[in-house]
Amino acid sequence: MNAPASKPPSHAGPLSILARRLTRIYTVGSVQVTGIDGIDLAVAPGQLVVLKGDSGSGKSTLLSLLAGLDRLSAGRLTVAGHDLNDCEEAELTDFRRNTVGMIFQAFNLLPTLTVLENVCLPALLAGRAYPAVRSKAGELLDWLGLGDRLNHQPRQLSGGEMQRSAIARALINDPAIVLADEPTGNLDSRNARKVMALLADLNRRFDRTVVIATHSDLADGYATMVLRLQDGRVAP
Ligand SMILES: Nc1ncnc2c1ncn2[C@@H]1O[C@H](COP(=O)(O)OP(=O)(O)OP(=O)(O)O)[C@@H](O)[C@H]1O
Ligand SMILES: [Mg+2]
13 MNAPASKPPS HAGPLSILAR RLTRIYTVGS VQVTGIDGID LAVAPGQLVV
63 LKGDSGSGKS TLLSLLAGLD RLSAGRLTVA GHDLNDCEEA ELTDFRRNTV
113 GMIFQAFNLL PTLTVLENVC LPALLAGRAY PAVRSKAGEL LDWLGLGDRL
163 NHQPRQLSGG EMQRSAIARA LINDPAIVLA DEPTGNLDSR NARKVMALLA
213 DLNRRFDRTV VIATHSDLAD GYATMVLRLQ DGRVAP
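Position 180 (the sequence shown) corresponds to 192 in this note's numbering; numbering is contiguous.
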């Protein structure tokens with residue numbers, strides 16, 4: 013598999029992620045549920061962090077906060093230089109579009125769009141010009157081995173192909189940080205290995221900070237940091 017011709021910009025600099033006493037409590041009716049509770053985390057640029065922990069330990073909650081998809085209840089959080097504590101909604105939208113790329117277990121591709129359209133969408137929403145976006149999407153999809161599937165719809169792809177399309181979509185705006193929540197959860201072992209190797213490649217060759225929440229041990233060999241969660245806290 014060939015890498016994209018242009019190496020994405022380096023994102024070296026101060027810490028990629030700095031969390032202090034990061035807490036998210038969900039309120040459901042009169043019940044309060046702890047998502048995460050007082051997590052401290054410092055991640056330098058270019059690390060590959062593997063988040064582990066039992067179901068319900070807080071991995072997805074932490075990733076959602078890092079991705080700006082959710083708001084923290086208490087603590088402090090800075091991601092790629094963006095203070096996510098009290099930023100405005102518009103700033104958060106811009107952060108989600110340009111600073112982080114998110115990959116989900118269920119791929120979350122839009123079913124009525126083609127692969128190419130799915131990949132281009134975040135860049136078009138960010139206001140980028142179509143010719144450059146189209147060319148970058150083509151380059152990414154070639155790199156991911158999907159150069160001949162541009163005009164196919166997600167339902168015409170295998171799970172591994174859908175996830176690789178979702179990876180291309182996550183990368184279209186050159187995010188400094190790639191966040192993946194159980195990216196191999198719906199894949200067979202061969203495709204799971206391929207997706208983990210791609211994420212590791214992004215980290216090593218293209219300098220991205222990558223955070224992967226996973227129950228699988230496939231990422232272990234690539235990890236530069238392992239964070240184990242237990243009941244919303246960092247396990248002792
Ligand atoms: N939207 C929500 N509303 C209420 N409680 C929630 C919500 N999302 C998560 N939780 C709760 O927060 C805790 C942490 O959940 P989370 O989804 O972060 O765990 P996880 O480690 O990702 O689990 P899994 O491995 O099953 O994906 C759980 O007790 C869960 O029930
Ligand atoms: Mg989860």
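Idealized CB from N, CA, C, for every residue including glycine.
The structure displayed is predicted, hence computed values, not measured ones.
Sequence-distant residues of the same chain with beta carbon closer than 8 Å to residue i, five excluded per side
i    : result
G150 : L128, G159, L162
D52  : A31, R32, R33, L34, V246
Q250 : The requested residue 250 does not occur in the structure, where the chain is confined to residues 13 to 248.
Short Cβ contact (8 Å threshold) for residue i with residue j
i    : j    : result
G113 : V190 : yes
V55  : M237 : yes
S28  : L241 : no
N130 : S177 : yes
A225 : S72  : yes
I48  : L81  : no
L121 : M174 : yes
G244 : T46  : yes
Contact test: residue i Cβ vs ligand 4 heavy atom, cutoff 7 Å
i   : result
D82 : With respect to ligand 4, the structure offers nothing, as its ligand set consists of ligand 1 and ligand 2.
Per DSSP, the bridge partner or partners of residue i
i    : result
V246 : L241
A188 : Looking at the DSSP assignment, A188 forms no beta bridge with any residue, so it has no partner.
D95  : T90
R32  : R88
F116 : D193
Residue nearest to residue i in terms of C-alpha spacing, selected from the options
i    : options          : result
R1   : G58, R205, A225  : A query on residue 1 cannot be resolved here, the shown segment of the chain reaching from 13 to 248 and no further.
P166 : T105, P123, G244 : P123
A144 : F119, G47, C132  : C132
Any chain D beta carbon closer than 8 Å to residue i
i   : result
A31 : Given the protein chain composition of this structure (a single chain), no chain D is represented.
Cβ-based neighbour list, residue i, same chain, cut-off 7 Å, excluding 5 preceding and 5 following
i    : result
P134 : R109, R181, I184, N185
S228 : T196, A204
Own chain residues within Cβ distance below 6 Å of residue i, not counting five before or after
i    : result
Y234 : L60, A212
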